[in-house]
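**Student:** Position 32 of the sequence shown, counted from 1, bears residue number 31 in numbering that gives the first Met the number 0, the numbering being contiguous throughout.
Even glycine gets a Cβ: it sits at the ideal position worked out from N, Cα and C.
Got a structure for you, questions after.
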Amino acid sequence: MTDPWTYGETDPSEEFVAQMEAAYGPNWPTELMNNLRFDTSAEPVELPPPDREIIMARRVFLRLPWSMDKQLEVIGRNQGLTPSELVSTWIAERLGEHGGRAGAE
C-alpha cells in the first residue's frame with residue numbers, strides 16, 4: 000500500500016475500472032454483461048434502505064503554500080486520516096455549522 004500523503008490517493012472508481020479491465024479486457028462493460036447469468040428461480044433480493052445519506056465523491060485539487068501543506072500532512076497523519084478523509088471531515092463540519100446551507104457565510 001502506498002502512502003497517500005506522499006503519493007496521492009486513488010479514486011475507488013478508478014480501481015474498480017482497472018479490476019474490470021483486468022478481468023474482462025478494455026471492452027469490459029459489454030463482456031461483463033455477456034458473462035452475467037441470471038437465476039430466475041432464485042429468491043428475490045430485498046435491499047434495505049440506506050441507513051445514512053449517500054456519500055458523494057468529488058475530485059478537487061488543493062493549492063496550498065508548502066508550509067501549510069506540511070501542517071495539513073502532520074494533522075492528518077496524527078489523526079490517522081488520508082488527505083481526502085481529513086479535508087472531507089473539515090468541510091462537513093464547516094457546512095454543518097451552517098445547517099448544511101450552500102453559500103452560507
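#1: Going by beta carbon distance, what residues of the same chain come within less than 7 Å of S140, once the five residues before and after it are set aside?
#2: Answer with buried or exposed for G75, where buried requires no fewer than 16 other C-beta atoms within 10 angstroms of its C-beta.
#3: Can you tell me whether DSSP reads L94 as helix, strand or coil?
#4: Taking the C-alpha atoms as reference points, what is the distance between E42 and R36?
#5: What three-state label does DSSP hand T81 in the structure shown?
#6: Specify, as a first and last residue, the run of the alpha helix (DSSP H) that M32 falls within.
**Tutor:** Reading from the atomic positions:
#1: The structure shown does not extend to residue 140, since the chain is modelled only from 0 to 104, so the question has no answer here.
#2: buried
#3: Reduced to three states, the DSSP call for L94 is helix.
#4: Each residue's alpha carbon lies about 15 Å from the other.
#5: coil
#6: That run of the alpha helix (DSSP H) goes 27 to 34.
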